[in-house]
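All remarks here apply to the structure that follows.
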């Protein structure tokens, strides 16, 4: 009851995705302004190879998954999907409570790293063929970061990805966070042809400049 009363005193709500805007509408009975969070990817910055991954990454073409290693992130399911596809390679970047459990049963075509520098992350993004995004997120910034590099995403059809992935133009969806669905989407993506410039243009919709302009305008209106 206190929360409902407090909600009614707010002048303007801002939501970071369509699904969050719907949640605010359902729970608080209030409309909210939609402003997507910005990415801050600098594709012109230095790139630094990670020696332990140089041979595995080779000339590129790997899948990339950037995530905290938590149960709801479905990293284990994504790894299981790639294990079914011996021709694919997956690099998982991230840390969290699931790290040791995941590392204990990694298939040969998956590598895990954590604590990498921005320069190394640029190297991994630049050489990847697609980003894998298997979890439900309120927004999901990594698909926008990948788009800044001109890379498509293979993402769960839910949450913030419904706003940030333009299916057929900047990525493809899979319906459920289960290994067979993810594996099928990855396999199908081998035949996709992407317009890199169109993907990069999509990422510019989520730039810091766009975010600042929209937020300043909303503050002025309020």
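Numbering (my numbering), first residue to last: 5 to 226. Think of the CB as a built atom: it goes at the ideal place given N, C-alpha and C, for glycine as much as any other residue.
Reference residue i; option with closest CA among the options
i	options	result
residue 155	226, 217, 28 and 203	203
residue 150	167, 138, 175 and 163	175
residue 113	96, 131, 90 and 124	90
residue 87	103, 67 and 222	67
residue 206	30, 31, 225 and 43	43
residue 22	32, 31 and 36	36
residue 109	211, 25, 120 and 83	83
residue 169	183, 186 and 146	146
CB of residue i within 8 Å of CB of residue j, strictly
i	j	result
residue 12	residue 60	no
residue 218	residue 39	yes
residue 143	residue 159	no
residue 49	residue 72	no
residue 69	residue 79	yes
residue 85	residue 190	yes
residue 51	residue 152	no
residue 95	residue 128	yes
residue 133	residue 118	no
residue 17	residue 34	yes
residue 138	residue 75	no
residue 41	residue 215	yes
Run of the alpha helix (DSSP H) containing residue i, from where it starts to where it stops
i	result
residue 129	122 to 131
residue 61	55 to 61
residue 208	200 to 208
residue 47	Segment: none, residue 47 is in no alpha helix (DSSP H) and carries neither H nor E.
residue 149	146 to 152
Span of the beta strand (DSSP E), counted from its first residue to its last, around residue i
i	result
residue 159	157 to 160
residue 176	175 to 178
residue 38	36 to 38
residue 76	Element bounds for residue 76: n/a, residue is neither H nor E.
residue 218	Taken as a continuous stretch (DSSP letters only), residue 218 belongs to no beta strand (DSSP E), being part of the alpha helix (DSSP H) at 212 to 225.
residue 66	66 to 70
residue 296	Nothing can be reported for residue 296, as the shown portion of the chain is limited to 5 through 226.
residue 12	Careful: residue 12 lies outside any beta strand (DSSP E), inside the alpha helix (DSSP H) at 6 to 12.
residue 114	114 to 117
Bridge-paired residues (DSSP) for residue i
i	result
residue 18	37
residue 107	Answer by DSSP bridge pairing: none, since residue 107 is not bridged.
residue 134	67
residue 171	175
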